[in-house]
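Accompanying notes for the structure given below.
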Amino acid sequence: MDYLEGVPLTRACAQMERRGLSADFPQAKLFGRRLLLALTETFGRSILETGFFHVDPHPGNIMVLKDGSIGLIDFGQHKQISQKHL
């Protein structure tokens with residue numbers, strides 16, 4: 573198990589506001605686009621390449637790390653698609 577230094581997605585907006593970034597700022601919109609791309613890539617690769625996926629991906633289980641990458645926590649609920657279905 574690894575420690576992920578970051579902030580849960582549930583607190584990402586508040587963290588940005590503390591840094592003086594409003595949701596209307598171009599930087600915030602860029603962050604949102606990058607976040608969506610990272611989540612799409614993370615879940616897409618997880619499901620399509622490994623067949624293993626997190627079945628409880630609520631915002632509290634998604635961490636935004638310091639470098640802007642995404643970390644997933646709490647794999648207490650997960651599923652695996654059999655190789656014949658991939």
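Take any residue in the sequence shown, count from 1 to its spot, add 572: that is its number in our numbering.
Even for Gly, the Cβ is constructed at its ideal location relative to N, Cα and C.
Cβ distance (whole Å) where residue i is taken to contact residue j below 8 Å
i                 : j             : result
phenylalanine 615 : histidine 650 : Going by Cβ atoms, the distance from phenylalanine 615 to histidine 650 rounds to 12 Å, so no, they are not a contact pair.
leucine 581       : glycine 643   : Contact doesn't hold; Cβ gap of about 10 Å is too wide.
Range covered by the beta strand (DSSP E) that runs through residue i
i             : result
leucine 644   : 642-644
glutamine 652 : 650-652
Per DSSP, cross-strand counterpart(s) of residue i
i           : result
leucine 576 : Answer is none; leucine 576 lacks a bridge partner.
leucine 637 : Gly578
Distance, residue j Cα to residue i Cα
i             : j             : result
cysteine 585  : valine 636    : 11 Å
glutamine 599 : glutamate 621 : 32 Å
arginine 590  : arginine 583  : 11 Å
Closer than 8 Å to chain B by CB, residue i
i          : result
lysine 638 : As a matter of chain content, chain B is missing from the structure shown, which is built from one protein chain.
Uninterrupted beta strand (DSSP E) stretches inside the stretch 584-632 (no shorter than 3 residues): Runs of the beta strand (DSSP E) inside the stretch 584-632: 624-626.
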